[in-house]
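What follows is a short report on a single structure.
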Amino acid sequence: MSRLVVVSNRLPLGDNPSGGLVVALQDALRQSGGLWIGFSGEHEGMTSTQLVFHEGAAFQRAAFDLSPEDYDSYYLGFSNSVLWPALHGRTDLMRIVPEYLEGYRRVNAHIADLMIPHLREDDRIWVQDYQLFPLASELRKRSVTCRIGFFLHIPFPGPAECAALPNPTELLDWVSEYDLVGFQAERDRLNFMESARQLGDIEQVEGDVIRLSGRTLQARVFPIGIDTASFMTEARNAREEDRMRSLTGAQMMIGVDRLDYSKGIPQRFRAFQLLLENNPDLLEKVAFLQIAPPTRKAVSAYRDIREETEHLAGRINGEFATVNWTPIRYIHRPIPRHELAGLYRQARIGLVTPLADGMNLVAKEYVAAQDVSDPGVLILSRFAGAAETMQEALIINPHDPWELAEAMAQAIQMSANERRRRHSALLRDVVEHDVNWWSSEYLAALG
Ligand code: ADQ
Numbered sequence: 042m043s044r045l046v047v048v049s050n051r052l053p054l055g056d057n058p059s060g061g062l063v064v065a066l067q068d069a070l071r072q073s074g075g076l077w078i079g080f081s082g083e084h085e086g087m088t089s090t091q092l093v094f095h096e097g098a099a100f101q102r103a104a105f106d107l108s109p110e111d112y113d114s115y116y117l118g119f120s121n122s123v124l125w126p127a128l129h130g131r132t133d134l135m136r137i138v139p140e141y142l143e144g145y146r147r148v149n150a151h152i153a154d155l156m157i158p159h160l161r162e163d164d165r166i167w168v169q170d171y172q173l174f175p176l177a178s179e180l181r182k183r184s185v186t187c188r189i190g191f192f193l194h195i196p197f198p199g200p201a202e203c204a205a206l207p208n209p210t211e212l213l214d215w216v217s218e219y220d221l222v223g224f225q226a227e228r229d230r231l232n233f234m235e236s237a238r239q240l241g242d243i244e245q246v247e248g249d250v251i252r253l254s255g256r257t258l259q260a261r262v263f264p265i266g267i268d269t270a271s272f273m274t275e276a277r278n279a280r281e282e283d284r285m286r287s288l289t290g291a292q293m294m295i296g297v298d299r300l301d302y303s304k305g306i307p308q309r310f311r312a313f314q315l316l317l318e319n320n321p322d323l324l325e326k327v328a329f330l331q332i333a334p335p336t337r338k339a340v341s342a343y344r345d346i347r348e349e350t351e352h353l354a355g356r357i358n359g360e361f362a363t364v365n366w367t368p369i370r371y372i373h374r375p376i377p378r379h380e381l382a383g384l385y386r387q388a389r390i391g392l393v394t395p396l397a398d399g400m401n402l403v404a405k406e407y408v409a410a411q412d413v414s415d416p417g418v419l420i421l422s423r424f425a426g427a428a429e430t431m432q433e434a435l436i437i438n439p440h441d442p443w444e445l446a447e448a449m450a451q452a453i454q455m456s457a458n459e460r461r462r463r464h465s466a467l468l469r470d471v472v473e474h475d476v477n478w479w480s481s482e483y484l485a486a487l488g
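All residue numbers for the sequence shown refer to the working numbering, where the first residue is 42 and numbers rise by one.
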């Protein structure tokens, strides 16, 4: 078996690293004597001139550091102030600065340089996500001929958003250097095909096989999953922590997101406000727990969304709270997995309402955590990749507060029979298409 080399922006460090992607790739890495390469998280000193190997996992890990300038331009800059907003349809939040693109190209070229001494001719390389689009092209320039795959964890946008990038044809040329490009959802594959048709040079050869910028490759959909079995166990074991329902006696709704403008948190709060305004009988009977740890604090759009979210929660609580009841509880901290699993299980409604999202794993975690005999209801945005397969959720348009508030009311009143029927269909999908299924499908296609 040829060796698997995974490259991602962040290297999972620490002893016995866990997390969905690690679980998914661990077996394949272990069996092939594999190697995982990524950024250490260190960005105060110099950019590494060689990879540093770390012990303590079932596979080899090699890290690099970044200088403050490289971190600012490659990570905060082009990755998170240009690509992230554009690929999530928020071209209004893009900050195009020439140094960002230069830094993004420079760091990707440098990662290729760092990799070269450690690569073998028959490796299979699997590159993860938007921070690393140019990596295959940089490796090819350095005469790497092995199979290289790419998986995009976030949406691929249509031609209008693509055209708003400073370098749309360069982006398509970068993609063309892979042998297999994986998307979360059919919607992303179609957007990619249409963007390439309008802005690049593409031909459909047959089925998934395309010719892009003169190279032949495959473009396919591989919806990512979670480590379902272990999450179900965590949730079952967390049962005694019956915190939410018992603490308040109210029906709980839960939202769990990185605090990001793509996740639709303010829209969710406004819909909740509407629910309370239109259903006075629900006062003191429903409560909303929003867990949203801030990320990318150095990017101004993230400071703005934090302010907006806190302001809204404060306003709604000020308006509706009573001595015994706080309508919105808002937690900024990361929560340990087992605790999170218990909270999902206790919540009658799971609110997953992004304005744009590659997949959204919270939707799958919420379903996996439910008690099958008395499950809660998932309210899911049509703009999450998860909506393509999770049709038994209450699918909503997150921009429409009336529709979302109506779905909340419907979920609160839903009969146990209907909840069980919807949940069992959702659970089947989450069990069948877990993260191991995802990685084996992808790696089989990569060859
Ligand atoms: P994210 O944008 O990070 O991932 P998501 O898929 O929802 O979004 O995953 C978030 C993960 O973080 C979940 O596992 C969740 O449980 C966890 N999490 C969030 N808040 C937490 C908290 N306070 N405490 C503990 N854990 C918390 C990107 C894409 C997604 C895609 C994934 C995987 O944006 O669309 O689904 O990659 O491909």
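Yeah, the Cβ is synthetic: ideal placement off N, Cα and C, and Gly gets one too.
Residue range of the beta strand (DSSP E) that includes residue i
i: F105; result: Q101 to F105
i: R256; result: R256 to V262
i: G61; result: Element bounds for G61: not the beta strand (DSSP E) but the alpha helix (DSSP H), G61 to Q72.
i: V222; result: L221 to F224
i: V123; result: Premise fails: V123 is in no beta strand (DSSP E) and is neither H nor E.
i: V393; result: I390 to V393
Residues that DSSP places opposite residue i in a beta bridge
i: Q169; result: F192
i: P335; result: L300
i: Q292; result: V327
i: I306; result: Answer is none; I306 lacks a bridge partner.
i: Y371; result: Q331
i: G79; result: S49 and A104
i: D398; result: A425
i: V418; result: I390
i: W366; result: T363
i: L253; result: I243 and R256
For residue i, three-class secondary structure by DSSP
i: P439; result: coil
i: H95; result: strand
i: L384; result: helix
i: D412; result: coil
i: E247; result: strand
i: G118; result: helix
i: S287; result: Note that S287 scores a pLDDT of 48, beneath 50, so its modelled location is shaky and nothing firm can be said.
i: D229; result: helix
i: S184; result: coil
i: F197; result: coil
i: V476; result: helix
i: R136; result: coil
i: S43; result: coil
i: I265; result: coil
i: I376; result: coil
i: N319; result: helix
i: M449; result: helix
i: F313; result: helix
i: Q454; result: helix
i: D111; result: helix
Proximity test, residue i beta-carbon vs ligand 1 heavy atom, cut-off 7 Å
i: P439; result: no
i: M294; result: no
i: G359; result: no
i: P375; result: yes
i: N232; result: no
i: L330; result: no
i: P334; result: yes
i: G426; result: yes
i: N401; result: yes
i: I420; result: no
i: R347; result: no
i: L392; result: no
i: I265; result: yes
i: V497; result: Lying before the first or after the last residue shown, residue 497 is absent from the chain, which here runs from 42 to 488.
i: I369; result: no
i: D398; result: yes
i: V168; result: no
i: L54; result: no
i: S298; result: Per the sequence shown, the amino acid found at residue 298 is Asp instead of Ser. The answer is yes for D298.
i: H194; result: yes
Extent of the continuous alpha helix (DSSP H) to which residue i belongs
i: M273; result: T269 to N278
i: I492; result: Limits of the chain in this structure are 42 at one end and 488 at the other, which puts residue 492 out of reach.
i: L155; result: P139 to M156
i: S89; result: First-last for S89: undefined, no H or E at that position.
i: E211; result: P209 to S217
Quiz item: Touching or not, the segment 210-222 and the segment 248-265, by the rule of three or more beta carbon pairs under 8 Å?
Solution: Yes: at least three Cβ pairs fall under 8 Å.
Practice problem: Pair every Cβ in the segment 158-166 with every Cβ in the segment 176-190, then say whether three or more of these pairs are closer than 8 Å. | Solution: With a cut-off of 8 Å, the segment 176-190 and the segment 158-166 count as touching, because enough Cβ pairs lie within range.
Quiz item: Do three or more CB pairs link the segment 311-330 to the segment 438-446 at distances below 8 Å?
Solution: Because the criterion of three Cβ pairs below 8 Å is met, the segment 311-330 and the segment 438-446 touch.
Practice problem: Determine, using beta-carbon pairs with one atom in the segment 197-206 and one in the segment 127-134, whether at least three such pairs fall under 8 Å. | Solution: The segment 197-206, when compared against the segment 127-134, does touch it at the 8 Å Cβ threshold.
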